[in-house]
Every structure is written in structure tokens, then in C-alpha cells.
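Counted the way this note's numbering counts, the sequence shown spans residues 1 to 109. What follows is a single structure, written as C-alpha cells, with notes after it.
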Amino acid sequence: MSGVANPATVEQCLRMGAGFTEGDRTWIAEQFGPLDTRLASFDADATELEISVKDRQSPGQKVTLECWTRDLDKIVTTSTEDDLHAAVMDVRDDLRRRLTDAKGRRSPR
């Protein structure tokens with residue numbers, strides 16, 4: 001148990017930014033499911049995720065995932081993978097690593 005009364009989840013916290021539509025939300029939320037275990041230690045009311053893409057499906061597209069929580073500095077992950085699915089997975093995995101690292105730094109030694 002995380003000890004948080006209202007644990008954050010992707011479903012609660014995810015917003016679609018530029019380049020994505022609400023129609024993309026279900027697909028992205030499914031891909032981001034593994035983040036729920038990392039987000040659970042943060043309060044849902046104080047946690048936000050926003051994904052955006054610049055020049056979608058063009059050479060040089062850039063996917064950005066931003067995470068805000070009350071307990072950490074803003075985390076920004078980006079990917080320039082040409083394949084949109086690969087780029088989404090890349091930012092998800094990078095955020096998961098960075099949340100794990102940040103949680104490790106916060107934990108008492």
C-alpha cells in the first residue's frame with residue numbers, strides 16, 4: 001500500500017496535449033498502464049500527466065510527456081522516434097525510470 005488516500009492513476013491524471021485528440025486517449029492510457037504502480041505513491045489531486053506531439057507522423061516528430069506532482073520537480077521526457085507507437089512507449093518507459101529514481105532519492109536511507 002502506498003499510504004496515499006487517493007492514489008494517482010494514468011486514467012485520472014492523463015491529458016491530451018497538442019497533436020493528440022481525446023480519441024487517442026484510450027489507446028495511450030492502455031499503453032501507459034504500467035505507470036500506475038509508480039504513480040500510486042502520489043496523490044491524484046496533485047498529479048498531472050500531459051502528452052503532446054509535434055509534427056505527428058512526419059519525419060522528425062517529437063513526443064513529449066510531462067509529469068507534475070506536488071512532491072517532485074516537473075519531469076519532462078521526450079522521444080524523436082519516427083514511429084508514433086515507439087515514441088509513446090519511449091516516453092512512458094523514460095518517465096517510469098525517472099519516477100523510480102526520484103522515489104529512491106526521497107526514501108529514507
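For every residue, glycine included, the Cβ atom is placed at its ideal position computed from N, Cα and C.
- Exclusion of the five residues before and after alanine 8 leaves Leu39, Phe42, Ala44 and Thr47 as the residues of its chain whose Cβ lies within less than 6 Å of its Cβ.
- Inclusion of alanine 102 and leucine 72 in the CB contact set at 8 Å is warranted, their separation being smaller than that value.
- A distance below 6 Å between beta-carbons, with the five flanking residues on each side excluded, links aspartate 55 to the following residues of its chain, in chain order: Gln61.
- DSSP places arginine 38 in the uninterrupted alpha helix (DSSP H) bounded by 36–39.
- Per DSSP, the unbroken beta strand (DSSP E) holding glutamate 50 starts and ends at 47–54.
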